[in-house]
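Asks: Heads up, the final residue of the sequence shown is numbered 134 in UniProt numbering, and it's a clean run with no missing numbers.
Ideal Cβ positions, reconstructed from N, Cα and C, are used throughout, including at glycine.
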Amino acid sequence: GHTDYVTSVAFSPDGRQLASGSEDSTLRLWDTATGQCTAKLEGHRDPVSSVAFSPDGRQLASGSDDETLRLWDTATGQCTATLEIARQRPAPKTRLVCQGLRHMRTPVTSCSAASDAGGGGSCLVNPRVLGDLI
């Protein structure tokens, strides 16, 4: 499992997988039937603050204190895109709400963050890092 605190969890739409993000800068995918870790996703340089599955469960989005949003292929565990985000204001405990992740080649069209304290904010996606994904 993780080597530091778990900061975020999300169930896949079909309930078969659980994704967890951690202070150890990694994500893990878990099989909900067996409780076994099926993948360790590495790439963030700082703690992972948010995880969210796409509606079809084929992609996972993760936000990190390293000011990146990464998209992952849940079948392979590979990072498919890294987006630079600029926080408009600090939101220490945030959760991502991402739209536009319906298909593998469909880019994120919007991303917002809401703090647990009831405040809000947004992250700005920099499309230049997506290359041909957009």
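Near Thr32, which residues of its chain fall below 7 Å by C-beta distance, leaving aside the five closest residues on each side in sequence?
Replies: Gly15, Arg16, Gln17 and Leu18
Asks: DSSP three-state label for Ser12, please.
Replies: coil
Asks: Give me the Cα-Cα distance between Thr38 and Thr82, rounded to the nearest whole angstrom.
Replies: 22 Å
Asks: Identify which residue in Leu41, Gly57 and Thr7 has its Cα closest to the Cα of Gln65.
Replies: Note on identity: in this sequence residue 65 is Asp, with Gln being the wrong assignment. Considering only Leu41, Gly57 and Thr7, the residue with the shortest C-alpha distance to Asp65 is Thr7.
Asks: Verify the CB distance criterion: does Ser50 have a CB-CB separation below 9 Å to chain B?
Replies: No chain B is part of this structure, which consists of one protein chain only.
Asks: My output table needs one value for Glu42: the three-state DSSP class, helix, strand or coil.
Replies: It is a strand residue.
Asks: Which residue's Cα is closest to the Cα of Thr76: Val51, Leu29, Ala52 and Gly1?
Replies: Leu29
Asks: With DSSP run on the structure shown, which of helix, strand or coil describes Met104?
Replies: Residue confidence is low: Met104 scores 37 on pLDDT, short of 50, so the model does not pin down where it sits. Its coordinate-derived value is still stated next. DSSP places Met104 in coil when its eight states are reduced to three.
Asks: Considering only residues of the same chain and omitting the five flanking positions on each side of Tyr5, which have a CB-CB separation below 7 Å?
Replies: Result list for Tyr5: Ser22 and Glu23, in chain order.
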